[in-house]
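What follows is a set of notes on a single structure, which appears directly below.
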Amino acid sequence: MDKKQLVNFITLSILQTKRVEDRLFRKEIQNYLIKLNKSQLEEIISEFII
740 MDKKQLVNFI TLSILQTKRV EDRLFRKEIQ NYLIKLNKSQ LEEIISEFII
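Just so we're aligned: the sequence shown equals residues 740 to 789 in the numbering used here.
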């Protein structure tokens, strides 16, 4: 996955977990995730897969 796909996957996973569909919350999550590097994003994904 490229960085954009990782960000989208994590964002959707968080929103599903919290059952939140608020666009503002989605943008806030994505703004935070975009600041991370790819290896950090992969670490976050590994937590969802477990």
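Glycine residues also receive a C-beta, built at the ideal position from the N, C-alpha and C atoms. On a predicted model such as this, the values are computed, not experimentally measured, just so you know.
In angstroms, rounded to a whole number, what distance separates the CA positions of residue i and residue j?
i           : j           : result
residue 743 : residue 787 : 17 Å
residue 784 : residue 777 : 11 Å
residue 774 : residue 741 : 14 Å
residue 748 : residue 767 : 15 Å
Give me the Cβ distance between residue i and residue j, rounded to the nearest whole Å; I'm assuming they're in contact under 8 Å.
i           : j           : result
residue 750 : residue 779 : Rounded, the Cβ-Cβ distance is 14 Å, inconsistent with contact.
residue 754 : residue 765 : 6 Å
residue 782 : residue 745 : Residue 782 to residue 745, Cβ: 10 Å. No contact.
Measuring from the CB of residue i, is there a heavy atom of the ligand ATP at a distance below 7 Å?
i           : result
residue 768 : The ligand ATP is not part of this structure, which contains no ligands at all.
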